[in-house]
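Colleague: Numbering (this note's numbering), first residue to last: 42 to 253.
Backbone N, C-alpha and C fix where the C-beta goes; we use that ideal spot for every residue, glycine too.
As the structure is a prediction and not an experimental result, all values here were calculated from the model.
Shown below is the structure under consideration.
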C-alpha cells in the first residue's frame with residue numbers, strides 16, 4: 042500500500058476519534074468556527090471526505106479527463122468562491138445533511154467506511170476516480186486521496202477550534218503531505234517569491250500567503 046493510502050487511513054481514523062469527543066457531541070447544534078456551519082455540519086463535512094472516497098470507488102471508471110493534482114485546484118470553484126457562492130452553499134448543505142441524524146449515526150457511518158477502505162485500498166490500482174462535484178474531470182486515486190488528506194487535516198483543526206479543544210495529534214508524514222501541497226498552492230496563488238520571503242525573511246514578508 043502506498044504511503045498516501047496509509048496517511049489517508051491515519052487521517053480518517055483521527056477524524057473519527059475527534060467526532061467521538063464529548064466536546065464535539067455536546068456542541069453539535071452550536072455554531073462552528075466556520076461561518077454558516079454548525080458543529081454538526083462541519084463534522085458532517087469532515088466525515089464526507091472519507092465517505093466520498095468509498096462512494097467514488099463503487100462507481101465505474103470515469104470517462105472525464107484525468108487532470109494532475111494542481112490542475113484539480115485550478116478547476117474547483119470553491120477555492121475562490123465567497124461565502125455565498127452557490128458551490129459553498131451546496132457544500133455546507135451537504136455537511137449539515139450528513140450531520141443532521143446526530144453524532145452517533147455519523148460516527149457509525151464513518152467507522153463502516155473506514156473499515157471498508159482499510160480492507161480494499163491496499164490492492165487497488167492507481168486508476169482515475171470521479172465525484173459529481175467535479176463535473177468534467179477526474180483524478181488518479183492517489184491524487185484524490187491527497188486532496189482528502191488536506192481536507193481532513195484542515196477540518197480536524199477547524200472542528201477542534203470550534204469546540205475549544207486541542208487540535209488532534211497528526212502524524213508527521215501526514216503534515217508533510219499537507220504542508221507540501223499548501224506551499225505549492227500558495228506559490229501558485231501568490232508567486233514563489235512571496236512564499237519564499239514569508240517563510241524565510243520576516244522583514245520582507247508580503248503578509249497573507251494563504252493557499253485558499
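1. If you follow the alpha helix (DSSP H) that residue 241 is part of, which residue opens it and which one closes it?
2. Let me make sure I understand the geometry here. Which of 93, 110, 60, 58 has the alpha-carbon closest to that of residue 219?
3. Helix, strand or coil, according to DSSP, for residue 109 in the structure here?
4. Do residue 78 and residue 133 count as a contact pair if the criterion is CB distance below 8 Å?
5. Taking the alpha-carbon positions, what's the residue 214 to residue 55 distance?
6. Would you mind working out which of 68, 69, 161, 84 sits nearest residue 196, comparing C-alpha positions?
7. So for residue 117, helix, strand or coil by DSSP?
8. Would you grab the beta carbon distance between residue 60 and residue 151 for me? Rounded to a whole angstrom, and I think it's under 8 Å.
9. Quick test of your reading: residue 94 and residue 200, contact by CB under 8 Å. State the CB separation rounded to the nearest angstrom.
10. Do you know how far the Cα of residue 47 is from the Cα of residue 143?
11. Could you give the DSSP three-state label for residue 179: helix, strand or coil?
12. Give me the Cα-Cα distance between residue 173 and residue 117, rounded to the nearest whole angstrom.
13. Output the boundary residues of the alpha helix (DSSP H) element that contains residue 51.
Modeller: On the basis of the coordinates in this document:
1. Position 200 of the chain shown, counting from 1, holds the residue named residue 241. For residue 241, the uninterrupted alpha helix (DSSP H) run begins and ends at 233-241, by DSSP.
2. Taking the first residue of the chain shown as position 1, residue 219 is located at position 178. When only C-alpha atoms are compared, the closest one is 110.
3. As a first step, residue 109 must be located in the chain shown, where it is residue number 68. Coil at residue 109, not helix or strand.
4. Mapped onto the chain shown, residue 133 falls at position 92. Mapped onto the chain shown, residue 78 falls at position 37. The Cβ atoms of residue 133 and residue 78 lie closer than 8 Å to each other.
5. Position 173 of the chain shown holds residue 214. Position 14 of the chain shown holds residue 55. Our two residues, residue 214 and residue 55, have alpha carbons roughly 14 Å apart in a direct line.
6. As a first step, residue 196 is located in the chain shown; it is residue number 155 there, counting from the start. Closest by alpha carbon: 84.
7. Residue numbering aside, residue 117 sits at position 76 when the chain shown is read from its first letter. Coil.
8. By 1-based counting over the chain shown, the position of residue 60 is 19. By 1-based counting over the chain shown, the position of residue 151 is 110. Your pair residue 60 and residue 151 checks out as a contact, with CB atoms roughly 7 Å apart and the cut at 8 Å.
9. As a first step, residue 94 must be located in the chain shown, where it is residue number 53. As a first step, residue 200 must be located in the chain shown, where it is residue number 159. About 19 Å separates the two Cβ atoms, so there is no contact after all.
10. Within the chain shown, residue 143 is the residue found at index 102, counting from 1. Within the chain shown, residue 47 is the residue found at index 6, counting from 1. Their backbone Cα atoms lie some 28 Å apart in a straight line.
11. As a position in the chain shown, residue 179 is number 138, starting the count at 1. If DSSP states are grouped into helix, strand and coil, residue 179 belongs with the strands.
12. Along the chain shown, read from residue 1 onward, the residue named residue 173 stands at position 132. Along the chain shown, read from residue 1 onward, the residue named residue 117 stands at position 76. Each residue's CA atom was taken as its position, placing residue 173 and residue 117 some 12 Å apart.
13. Along the chain shown, read from residue 1 onward, the residue named residue 51 stands at position 10. Unbroken alpha helix (DSSP H) run through residue 51: 44-60.
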